[in-house]
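What follows is a short report on a single structure.
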Amino acid sequence: MIYNIPYIAVAALVLIGLYALVFKRNLIKLVIGVVLIESGVNLFLIILGYREESIAPIYTSSPGGVMSFPVPQALTLTSIVIGVAVIALMLSLVIHIYRHYGTLDVRKVRRLKE
Amino acid sequence: MFTVETGSGFWNPIIWAIAIFVAFLLIYILRSFGKKEYKKDTEQIKSFLSGNPEYEKEKMHVKASNLYWGFTTSLKGLYTILRRMHTGNTSDYVLWFVIILAIFLLIEVL
Amino acid sequence: MAILETSETVLRIILGTVGVAIFGILFGLLYKGIDRKISAHMQGRIGPPIIQPFRDVKKLFVKENIVPENAIPWIFNLVPLLGLAATISILIYLPIGGLSPIMSWGGDLILILYLLIFPSLALVIGGFSSGSPYAIVGAQREMATMIAYEFPLAIIIISLAWKLTQMGSENVFALSTIVGNPIWNNITGPLGFIGFAILLLILVIVTPAELSKIPFDAPEAETEIAGGLLVEYSGRNLAMFYLTDAVKTVVMASIIVVLFFPYNLSNLPLLGLESGSYLAYAADIIFYLLKVFLVILFSVTLIRVAIARLKIDQIVYTYWIPLTLLSLVGLIFIMWDGFIMNVLGLA
Chain A
1 MIYNIPYIAV
11 AALVLIGLYA
21 LVFKRNLIKL
31 VIGVVLIESG
41 VNLFLIILGY
51 REESIAPIYT
61 SSPGGVMSFP
71 VPQALTLTSI
81 VIGVAVIALM
91 LSLVIHIYRH
101 YGTLDVRKVR
111 RLKE
Chain B
1 MFTVETGSGF
11 WNPIIWAIAI
21 FVAFLLIYIL
31 RSFGKKEYKK
41 DTEQIKSFLS
51 GNPEYEKEKM
61 HVKASNLYWG
71 FTTSLKGLYT
81 ILRRMHTGNT
91 SDYVLWFVII
101 LAIFLLIEVL
Chain C
1 MAILETSETV
11 LRIILGTVGV
21 AIFGILFGLL
31 YKGIDRKISA
41 HMQGRIGPPI
51 IQPFRDVKKL
61 FVKENIVPEN
71 AIPWIFNLVP
81 LLGLAATISI
91 LIYLPIGGLS
101 PIMSWGGDLI
111 LILYLLIFPS
121 LALVIGGFSS
131 GSPYAIVGAQ
141 REMATMIAYE
151 FPLAIIIISL
161 AWKLTQMGSE
171 NVFALSTIVG
181 NPIWNNITGP
191 LGFIGFAILL
201 LILVIVTPAE
211 LSKIPFDAPE
221 AETEIAGGLL
231 VEYSGRNLAM
241 FYLTDAVKTV
251 VMASIIVVLF
261 FPYNLSNLPL
271 LGLESGSYLA
281 YAADIIFYLL
291 KVFLVILFSV
301 TLIRVAIARL
311 KIDQIVYTYW
321 IPLTLLSLVG
331 LIFIMWDGFI
341 MNVLGLA
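Residue numbers (our numbering), protein chains in the order written: chain A, 1 to 114; chain B, 1 to 110; chain C, 1 to 347.
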């Protein structure tokens, strides 16, 4: 049972992120929702590579024994960097929208539709 | 040699190319029996407006989205529902995502 | 030798194209004149003489060819030629006059379906390059009409090909296969007959939309948008579009005759004609011309004098909802034809 707690944490992170993305109206809060979902997915990737009673996958002066799976840890680093780029772009667009509209309410930035 | 054979038909593009080339030459010769010249720089070359007043070009331009009027007016019942569903708000689209995903998971489990 | 065979084929294509061009233009203008005369008599007036379209073309060649100042000159002058050339090039694949087509192994029905888009597309591009707002509205209406009528047309062609595939033929889209197995010989009960009759009726209703005749005349509406697509065309370019309309009438009527009524008169034993003689060829050609005249009478003339012009959204509604459902019903009847007869034990 104790090994299921990280999965519950992932589910909680993704659900809270989805809640923020669907029900909030401020643009900054939408960006925070996206960040939360991304963090949850990165955590999920690392959790999948855990083996029971394993140590960190580092060779120098290791105490020996089973090592947890290192490939997801490398891929998660790439994913975190991609997330940084996406968040930077989103925030710069939010700054531009604030400069043009003066407001951050999603329901008011509608000039493209009409 | 150049024939394309699908399972149920065939087509040879070289034959069609020769045929349309010959037809084009024939029609070009036929058209040259007509008259080529017209009086330039007179009233003839203005567009025909049948008596309506003429504005400058930006106001007289017909928008390309006018093409869709025939389709949207004839299928009006479908398009009013769709237009109300598309609010332009990202949060609503993510809500649709979640609802459809929940329906898929329910169908999968049951 | 391969060189001899290739040059013989090329010579056959060149002479054949010239021959069908002359045939298409002459008989297209003749049928146009007959159509005008008959519709005039139906409307209680006398109408022009039958050779009037020839005089129209001759008069159009004498008029000046005005290129408006807002138009793009090279597209404006090139597009009528391309439309007429593409329409003529369809005729070499059709079995005209009961004879085998000039190029029976060069193209099939799918190619003809694609090539039928060319004349309407030439009209659309000509309308867009004219630079007048009336022409732009007319071109947009022509595009919408094209999108509307392609749907039932595709369903009809596919149901015919499906029936032939079920009979076990191969190369079902090739015109020699379709002419060799007339579809009225393949039905096994009343359900199939009703199905094919529904498909024939829908093809007869699709024809005036392809030819831009009333009631599906919205792109070229004379009274609403002052001539529509052709408002800026005059002189020899307008003569090219006039000829395109005439030749396309012959092409569409030929397609209906080839798909649904490919019978030859010289095969009837009671006339006593031996096949291959000149009398048999003459009888075939005259019978074919008569069939084309009957198809043009029912699909162009009768519908034209009976119904008023529809608006563009009514045209889209007519082709997409009632006619598509009706053609799907026809397809289902054809599919259930053999099955029902087996179930009822009458096959």
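Every residue gets a Cβ at the ideal spot worked out from N, C-alpha and C, and that includes glycine.
Predicted model, so just to flag it, every value in this text is computed and none were measured.
Item                                                                                                                   : Value
Within the stretch 27-79 of chain A, ranges of the alpha helix (DSSP H) (whole runs, at least 4 residues)              : 27-48
C-alpha gap between A:L89 and A:A74, whole angstroms                                                                   : 24 Å
C-beta neighbour in chain C for B:S65, strict 7 Å                                                                      : no
B:T6: first and last residue of the uninterrupted alpha helix (DSSP H) it sits in                                      : That residue, B:T6, is in no alpha helix (DSSP H); its beta strand (DSSP E) goes 4-6.
At least three beta-carbon pairs within less than 8 Å, the stretch 2-20 of chain A to the stretch 29-46 of chain A     : yes
Endpoints, alpha helix (DSSP H) assigned at C:G19                                                                      : 2-42
Residue-level contact to chain B via CB, A:V106, 7 Å cutoff                                                            : yes
Beta-carbon neighbours of C:Y233, restricted to chain B and to distances below 9 Å                                     : Within 9 Å Cβ-Cβ: nothing; C:Y233 doesn't reach chain B, min ~11 Å.
Residues that DSSP places opposite B:W11 in a beta bridge                                                              : B:V4
Per-residue burial, C:L203 [other beta carbons within 10 Å of its own, 16 or more giving buried]                       : buried
Nearest-angstrom Cα separation, counted from C:R141 out to B:K76                                                       : 18 Å
Top-ranked residue by Cα proximity to C:N237, from B:I27, B:F2, B:G9                                                   : B:I27
DSSP state of A:D105 mapped onto helix, strand, coil                                                                   : strand
Interface positions of the stretch 160-173 of chain C facing chain B (Cβ-Cβ less than 8 Å), listed along the chain     : A161, T165, E170, N171, V172, F173
Minimum Cβ-Cβ distance from C:F61 to chain B less than 7 Å                                                             : yes
Given 8 Å, three or more beta-carbon pairs between the stretch 51-71 of chain C and the stretch 28-38 of chain B       : yes
Proximity test, Cβ basis, 7 Å: C:Y149 and chain B                                                                      : no
8 Å contact criterion, which C:L201 and C:I183 should meet: CB distance rounded                                        : The Cβ separation is near 15 Å, so there is no contact.
Residue nearest to C:P68 in terms of C-alpha spacing, selected from C:I25, C:G19, C:A135, C:P53                        : C:A135
Distance CB(C:S104)-CB(C:S176) smaller than 7 Å                                                                        : yes
Where A:M1 sits in the DSSP three-state scheme                                                                         : coil
Cβ shell of C:V124 (< 7 Å), same chain only, five flanking positions each side left out                                : A139, E142, M143
Ranges of the alpha helix (DSSP H) found wholly within the stretch 96-182 of chain C, counting only runs of at least 4 : 109-115, 117-128, 133-167, 175-180
Separation of A:V22 from A:G33, as counted between CA atoms                                                            : 9 Å
For C:L116 and C:I157, believed in contact at Cβ under 8 Å, the rounded distance                                       : 11 Å between Cβ atoms; not a contact.
Within-7 Å CB hit, A:V81 to chain B                                                                                    : no
8 Å contact criterion, which C:S327 and C:L199 should meet: CB distance rounded                                        : 6 Å
Closer than 8 Å at the beta carbon, the chain A residues around B:V98                                                  : L18, V22
C-beta neighbour in chain B for C:I312, strict 7 Å                                                                     : yes
Proximal residues of chain B, C-beta to C-beta of C:E142 below 8 Å                                                     : Within chain B, no residue comes near C:E142; the closest Cβ sits about 10 Å away, beyond 8 Å.
Spatial distance of C:L268 from C:D108 (CA atoms)                                                                      : 28 Å
Nonlocal neighbours in the same chain, by C-beta distance under 7 Å from C:I194, ignoring five residues either side    : F333
Residue from C:I256, C:F76, C:L78, C:L331 with nearest C-alpha to C:I96                                                : C:I256
Beta carbon of C:V247 nearer than 7 Å to that of C:S132                                                                : no
Chain B within 7 Å of C:V137, Cβ atoms only                                                                            : yes
Of the listed residues C:L153, C:I13, C:F260, C:A209, nearest to C:I187 (C-alpha basis)                                : C:F260
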